[in-house]
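Accompanying notes for the structure given below.
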Amino acid sequence: MSVSGLLTPVVRSVVVLGAWLARLALPDQVGVRRRTQRGDVPGWVMVTVMTAGLVYAIWTFAGPELNAMLARALGSVSGLG
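Okay, structure coming up:
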């Protein structure tokens, strides 16, 4: 491939990168984007805490059976069981 053939993709990449950086440099657009993409932090915290609580509750009642199932599964895969 000739130098002029490589120049077009390089120039296109530089232009795209420059446009992207210019868009990030505008404070009002950055602020709007960050506010709209903030997410629901309290919701994620609640989901995480509830998931941990469910895992703890299930493990309390079914822990020994889950350990036995895991041991049987690993034993059958490794050929030891």
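Numbering (the numbering used here), first residue to last: 4 to 84. C-beta atoms are modelled at their ideal positions from N, C-alpha and C, and glycine is treated no differently.
CA-to-CA distance, residue j to residue i, given in whole angstroms
i, j, result
"Val52", "Ala60", "12 Å"
"Trp47", "Val58", "16 Å"
"Ser81", "Pro45", "43 Å"
"Ser79", "Ala71", "12 Å"
"Leu69", "Met49", "26 Å"
"Leu77", "Gly66", "16 Å"
"Thr63", "Arg75", "20 Å"
beta-carbon residue i near the ligand MN non-hydrogen atom, thresh 6 Å
i, result
"Glu68", "The ligand content of the structure shown is nil, which means the ligand MN is not present either."
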